[in-house]
Amino acid sequence: MTKEASAELQAINTAWQIAIQEILRVVVRDIYMTGDEPAFRSQVKRIEETAVDSIYTGLVLRGTDEWTQVLVKEKASNFVTTLLTSFTYDKV
1242 MTKEASAELQ AINTAWQIAI QEILRVVVRD IYMTGDEPAF RSQVKRIEET AVDSIYTGLV
1302 LRGTDEWTQV LVKEKASNFV TTLLTSFTYD KV
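Residues 1242 to 1333 in the numbering used here are what the sequence shown lists, from first letter to last.
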């Protein structure tokens, strides 16, 4: 892979991460505005569990070996958990 191709792939990955983070931030903000702290935490936990479950049951990477699929699923699940647990309920 050339340096240019590698840099483009990194830029695409970063763009996807930023886009997904911003979409999720809007969704979580809307959840935040609809209730109290227990309701907020419950909804965020439900989103996390559903996303991780979906990653493990529905993600099929065509043309990759089992090791790669397991690694991608693990990293994706960790990303979901890290991102969602970064949101806190701080209504003043």
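The C-beta atom is built at its ideal place from N, Cα and C for all residues, glycine as well.
For Val1333, count neighbouring Cβ atoms within 10 angstroms of its own Cβ and tell me buried if that reaches 16, exposed if not. The predicted position of Val1333 is uncertain, since its pLDDT is 48 and thus under 50; a value taken from the coordinates is nonetheless stated next. Val1333 is exposed by the Cβ-count criterion.
Comparing C-alpha positions only, which one of Thr1322, Thr1243, Phe1328 and Glu1307 sits nearest to Glu1290? Thr1322
Tell me the DSSP secondary structure of Thr1322 in three-state form. helix
If contacts are defined as beta-carbon pairs under 8 Å, then Lys1314 and Leu1300 qualify, I think. What distance do you get, rounded to the angstrom? 6 Å
Nearest residue (CA-CA) to Leu1325, options Glu1307, Arg1270 and Tyr1297: Arg1270
Alpha-carbon to alpha-carbon, Leu1250 and Ser1283: Rounded to whole angstroms, Ser1283 to Leu1250 spans 36 Å at the Cα level.
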